[in-house]
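Position in the sequence shown counted from 1, then plus 502, gives you the numbering used here.
Here's the structure, in structure tokens; my notes come after.
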Amino acid sequence: MKDPIKMLRQVQQMQERMNKVQAELESDTVEGSAGGSAVRVVATGTQKLVSVTIDPAAASEVEMLQDMVVAAVNEAMEKSKALAASKMQAVASGLGLPPGLM
């Protein structure tokens, strides 16, 4: 049986690392774009939308613009989720947990 004090310390270290990663994700940003960068979206690593930039030339076709905004937001959210998963996996690998457990 493992030492319970050692296990408690490991859990506390993991919580500290996870808190640090969470804070980093709040300030880390990713970008999604669509229409050859006519629409650019920036989001944080915690899936919060930060900004949307639209080239004025893209505003002439409303339906196409709407589709580009949706595509850019979806791309940014996927990148944000991948960033968060990567950083959390780094925390888990430091603990010797099998991949995909966290």
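Built from N, CA and C at the ideal position, the CB exists for glycine as well.
Top-ranked residue by Cα proximity to residue i, from the options
i    : options                   : result
V544 : V532, A536 and V564       : V532
M539 : S582, A587, A573 and Q517 : This sequence places Ser at residue 539; Met is not what is there. That would be A573, whose Cα lies nearest to the Cα of S539.
A560 : K550, V575, L585 and V541 : V541
L551 : K583, S562, D505 and V564 : K583
Whole-angstrom C-beta distance between residue j and residue i, which should lie under 8 Å
i    : j    : result
A536 : M570 : 4 Å
L527 : T548 : 5 Å
M590 : V523 : 6 Å
V593 : M509 : That belief does not hold up - the Cβ atoms of V593 and M509 are roughly 17 Å apart, past 8 Å.
Strand pairing of residue i, partner residues [DSSP]
i    : result
A525 : Answer is none; A525 lacks a bridge partner.
T531 : T546
I556 : V541
A536 : V541
L551 : A545
### Query
For the stretch 563-602, which segments carrying the alpha helix (DSSP H) assignment without a break, of at least 4 residues, lie completely within its bounds, in sequence order?
564-596
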